[in-house]
Every structure is written in structure tokens, then in C-alpha cells.
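Visitor:
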Amino acid sequence: MRIAVLDIGGTSIKSGIWDGNRLDEFKEWDTNASRGGGYLMERAKEILHIYGAFDAIGISTAGQVDDQAGKIYYANDNIPYYTGMEIRAVLENEFGVPVAVENDVNAAAIGELYFGAARGRENFLCLTYGTGVGGALVLEGSIYRGDTFSGASFGGIVVHPEAIQENVEFSGCYEKYASTTALVRRVMAVDASLDNGRKIFEAFERPEIRAEIDGWIDEIVYGLITLIHIFNPSDILLGGGILEQKYIIREVRRRVNKNLSDGFRGTEIRQARLGNQAGLLGAAWLASNLIPCRAEPDEARPCGASDIRDARMGGEK
């Protein structure tokens, strides 16, 4: 089995090859998203051609994805002219192999389900904190996609109704206050030189910076309390580079538990395990189900969970 995988984001494209046991040949490229969806597809083809022959392609991508049609249902202006892009058709025509296409956070949740922190858990939420707040909902081992492929858009939870502005997308909503972008905005109002997460946590001991970090963590907590009371999940996985800071996870757990109704205290809040390769691994698993495998000499079936569910990233057993 040889599956080429891409994770297409607003700032970078990650790529690699999945052999059924490990992810190899990992690379990262600039997206240059401002050039639009057409350029992005040409770039995707160029990257995939580097990997030579493969049996299938798995795509994890920003935007609302119609996974059955393999196309972008809707994308905002971060990638212009991406809405409606027929990713599966474009890549199948180019390479002649089956193509699986999934939203990036959904793909990350699938990666965590089969290879990461959610192994053995079939009902959980996954949230990623970065430029915005992405969400995925897994019910009985399957992604809940919603009627227009945008289910679990947790960044749209209204947490500050007083801040809602007409015709301003997500104004007053969770991602405007709980994203890494929101943290940077808060801290830069105090010290404009602290313009990314690394610099902010290097200044953690400064009381005025610590106060802004704590205020931002409260914003994360508000959304999680709401989600736990609505879904009563066994687990919530939190991802995004900023969540590598142990202080954040520790404080989120403490503050959430302090504010839950007694009947909802069983939810485990954990850091996602697979980091920036979660979407690639989820896309690989989806693509693996499109490849016929030989179970018996005269019997063909799809590859998938039964073949690679126990595999580990990097070939670990």
C-alpha cells in the first residue's frame, strides 16, 4: 500500500506517503493561498508528482467539504475561488487513482481516532486552536458532518452577544476570543513586540502578560463548558501548536471542572497526540478504504480500519 497525502491549510501544505504502517517523506510547503483555488490545485499536482507512483490520494483541506462528491462546498476568502473546487475530479483525472477528500479538522479527528489520543473512544469532540477555532464531532466512530457539511463549527458559539455586529462573520463568537489569533491580539495590546505564541510564553512570568493569558484561557473554558453540557462526551481533544503549553491544558481542566454541573464531570479533556500530522493520517485512513485489498485468493475488499487500525505513526508497535 502506498498512499500520497496532502493537508492543505491557509498558510502551508503538508505532504507525505503512508505505507499502511508509517508516514514517511514528510514535507511542508507554502500554500500561497491568496493566489486562489485554481493555483492551489496546480500546486497540489506538482507536489504529488514528486512522490512518483501511488495507489490512492488522501486530501485533508481547509473549507467545508462535501466528502461524497470530493469537492469544496464552501471556503471563505482565506483561499479565494476555492468554493466549488472539484478536488477529487481534478486529481483523479491527473493521476488515475482513487481520491478521498475531507475537511482538515474532521481528518485530524479521524487520525486521532485510529492512531492517536482517541483510540478506543467512539464518542468525542476535537477542537483545534489556531487562526480560528476548528471543531469535529465523532459519534459512534463516525464524523457528524451536518446538513451542509459544516457540523461541529464550534468556533461559531456565541459567547459575547454584546459584541455581535451585523454582517461581521463570527462577531461575538468563540473563535474571536479563544483562538491563538485572539491571544496574540490581547497580548499585543499590552506589548506589541509579543506577536506570536512562542514570544508570549517566553514572557509568561511578567504579571501583565500572565493576566492576559489567563483571561484568554477563560475564553477557552466558556466554550468547553457549553459543549460538555450539550454533548456529554467521553473525551474532548484539544489541538493546535499553542496547546503544547502544559499550563494551558492544566488550567483548562481545572477551570472547566469547577464550573460543570455535577452530572457532567466524567469528560476527559486531553491534548491531541498527533500534532501537525493528524490530518495527514486521517486522510490516509480514508484513502486506504478506497484501495481493494486481497483477503483471500478470490476475494477483494477495501483496505481500512481492520488492516491499519493498530498501526502507529513511525512504525511503532
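Numbering of the sequence shown is given in my numbering, commencing with residue 739 and proceeding in unit increments.
Note that the Cβ used here is the ideal one computed from N, Cα and C, for glycine as well.
Since the model is a prediction, treat every value here as computed from it, not as a measurement.
Grab me the residues of residue 785's own chain with a C-beta within less than 7 Å of its C-beta, minus the 5 sequence neighbours each way, in chain order.
Guide: Translated into positions along the sequence shown, residue 785 becomes position 47. The answer, listed in chain order, is 744, 751, 753, 767.
Visitor: In angstroms with no decimal places, state the Cα-to-Cα distance between residue 952 and residue 829.
Guide: Looking up residue 952 in the sequence shown gives position 214. Looking up residue 829 in the sequence shown gives position 91. Between residue 952 and residue 829, the C-alpha separation is close to 45 Å.
Visitor: Ignore the nearest five residues each way along the sequence and tell me which others in residue 995's own chain have a CB closer than 7 Å to its CB.
Guide: Working through the sequence shown from its first residue, we reach residue 995 at position 257. Closer than 7 Å at the Cβ level, and outside the excluded window around residue 995, lie 1003.
Visitor: Would a C-beta distance cut-off of 9 Å place residue 872 and residue 893 closer than the cut-off?
Guide: What you label residue 872 is simply residue 134 of the sequence shown in a count that begins at 1. What you label residue 893 is simply residue 155 of the sequence shown in a count that begins at 1. Cβ distance < 9 Å, so residue 872 and residue 893 count as in contact.
Visitor: Which residues mark the beginning and the end of the alpha helix (DSSP H) in which residue 773 is found?
Guide: Taking the first residue of the sequence shown as 1, we reach residue 773 at position 35. Careful: residue 773 lies outside any alpha helix (DSSP H) and carries neither H nor E.
Visitor: Run through DSSP, which three-state label would residue 862 get?
Guide: Residue 862 sits at position 124 when you count from the first residue of the sequence shown. Residue 862 falls in the strand class under three-state DSSP.
Visitor: Which residues bound the alpha helix (DSSP H) around residue 1026?
Guide: Counted from its first residue, the sequence shown places residue 1026 at position 288. Unbroken alpha helix (DSSP H) run through residue 1026: 1016-1026.
Visitor: Please return the same chain residues whose Cβ sits closer than 8 Å to the Cβ of residue 942, not counting the five positions on each side in sequence.
Guide: If you number the sequence shown from 1, residue 942 lands on position 204. Here the set comprises 948, 951, 985.
Visitor: Can you tell me whether DSSP reads residue 829 as helix, strand or coil?
Guide: Numbered from its first residue, the sequence shown carries residue 829 at position 91. Three-state result, residue 829: helix.
Visitor: Give every residue of the same chain whose Cβ lies closer than 8 Å to the Cβ of residue 920, excluding the five residues on either side of it in the sequence, and list them in chain order.
Guide: Position 182 of the sequence shown, counted from the start, is the residue given in the question as residue 920. Only 913, 914, 954, 957 meet the Cβ criterion.
Visitor: Expressed to the nearest angstrom, what Euclidean distance is found between the alpha-carbon atoms of residue 841 and residue 891?
Guide: In the sequence shown, the residue the question calls residue 841 occupies position 103. In the sequence shown, the residue the question calls residue 891 occupies position 153. Taking the straight line from one Cα to the other gives about 11 Å.
Visitor: Alpha carbon to alpha carbon, how far is residue 926 from residue 761? Give it in angstroms, no decimals.
Guide: What you label residue 761 is simply residue 23 of the sequence shown in a count that begins at 1. What you label residue 926 is simply residue 188 of the sequence shown in a count that begins at 1. Using only the alpha carbons, I get a separation of about 38 Å.
Visitor: Among 868, 800, 856, 992, which one has its Cα closest to the Cα of residue 972?
Guide: Taking the first residue of the sequence shown as 1, we reach residue 972 at position 234. Residue 972 has its Cα closest to that of 856, out of 868, 800, 856, 992.
Visitor: How many angstroms separate the CA atom of residue 793 from the CA atom of residue 835?
Guide: Translated into the one-based positions of the sequence shown, residue 793 becomes position 55. Translated into the one-based positions of the sequence shown, residue 835 becomes position 97. Going from the Cα of residue 793 to the Cα of residue 835 covers about 6 Å.
Visitor: Using the Cβ count rule (16 or more neighbours within 10 Å means buried), how would you classify residue 799?
Guide: Within the sequence shown, numbered from 1, the residue matching residue 799 stands at position 61. Burial call: buried.
Visitor: Looking at the unbroken alpha helix (DSSP H) that takes in residue 997, where does it start and where does it end?
Guide: Stepping through the sequence shown from its first residue, residue 997 is reached at position 259. Where residue 997 is concerned, there is no enclosing alpha helix (DSSP H), given that its DSSP letter is neither H nor E.
Visitor: Should residue 765 go down as buried or exposed, given a rule of 16 or more other Cβ atoms within 10 Å for buried?
Guide: Residue numbering aside, residue 765 sits at position 27 when the sequence shown is read from its first letter. Looking at its Cβ environment, which holds fewer than 16 other Cβ atoms inside 10 Å, residue 765 is exposed.
Visitor: Within the chosen definition, does the segment 1008-1026 reach the segment 897-911 through at least 3 CB pairs nearer than 8 Å?
Guide: No: fewer than three Cβ pairs fall under 8 Å.
Visitor: Tell me the DSSP bridge mates of residue 810?
Guide: Taking the first residue of the sequence shown as 1, we reach residue 810 at position 72. 803.
Visitor: Please report the straight-line C-alpha distance between residue 688 and residue 843, rounded to a whole angstrom.
Guide: The chain is shown only over 739 to 1055; residue 688 falls outside these bounds and no answer can be derived.
Visitor: Can you tell me the Cα-Cα spacing of residue 881 and residue 989, whole angstroms?
Guide: Position 143 of the sequence shown, counting from 1, holds the residue named residue 881. Position 251 of the sequence shown, counting from 1, holds the residue named residue 989. Looking at the two C-alpha atoms, the distance is approximately 28 Å.
Visitor: Thinking just about the alpha-carbon of each residue, which of 747, 790, 997 is nearest to the one in residue 833?
Guide: Residue mapping note: residue 833 aligns to position 95 of the sequence shown, counting from 1. That would be 790, whose Cα lies nearest to the Cα of residue 833.
Visitor: Terminal residues of the continuous beta strand (DSSP E) containing residue 874?
Guide: Sequence index remark: in the sequence shown, residue 874 carries index 136 (1-based). Residues 871-877.
Visitor: Can the beta-carbon of residue 812 be found closer than 9 Å to that of residue 774?
Guide: Along the sequence shown, read from residue 1 onward, the residue named residue 812 stands at position 74. Along the sequence shown, read from residue 1 onward, the residue named residue 774 stands at position 36. For residue 812 and residue 774, no; Cβs fall outside 9 Å.
Visitor: Measure from the alpha carbon of residue 865 to the alpha carbon of each residue in 904, 847, 878, 858, then state which is nearest.
Guide: Residue 865 sits at position 127 when you count from the first residue of the sequence shown. Out of 904, 847, 878, 858, 847 has the C-alpha closest to the C-alpha of residue 865.
Visitor: Can you tell me whether residue 1025 is buried or exposed? The criterion is at least 16 other CB atoms within 10 Å of its CB, across all chains shown.
Guide: Within the sequence shown, the letter at position 287 stands for residue 1025. Result: buried.
Visitor: Hey, could you find the ends of the beta strand (DSSP E) residue 840 is sitting in?
Guide: Position 102 of the sequence shown holds residue 840. 837-841 is the extent of the beta strand (DSSP E) around residue 840.
Visitor: Find the nearest neighbour of residue 869 within the set 746, 922, 742, judged by alpha-carbon distance.
Guide: If you number the sequence shown from 1, residue 869 lands on position 131. Among 746, 922, 742, the Cα nearest to that of residue 869 belongs to 922.
Visitor: How close, in whole Å, do the beta carbons of residue 717 and residue 979 come, if the pair is a contact with beta carbons under 8 Å?
Guide: Residue 717 cannot be examined here, being either before or after the span of the chain that is shown, 739 to 1055.
Visitor: Looking at residue 769: is its Cβ nearer than 9 Å to the Cβ of residue 748?
Guide: Your numbering for residue 769 matches position 31 in the sequence shown. Your numbering for residue 748 matches position 10 in the sequence shown. In contact: residue 769 and residue 748 (Cβ atoms closer than 9 Å).
Visitor: I'd like to know whether the C-beta atoms of residue 860 and residue 876 end up nearer to each other than 9 Å.
Guide: Residue mapping note: residue 860 aligns to position 122 of the sequence shown, counting from 1. Residue mapping note: residue 876 aligns to position 138 of the sequence shown, counting from 1. Yes; because the gap between Cβ atoms is below 9 Å, this pair is in contact.
Visitor: Rounded to the nearest angstrom, what separates residue 939 and residue 981 at their Cα positions?
Guide: As a working note, residue 939 is residue 201 in the sequence shown. As a working note, residue 981 is residue 243 in the sequence shown. Each residue's alpha carbon lies about 11 Å from the other.
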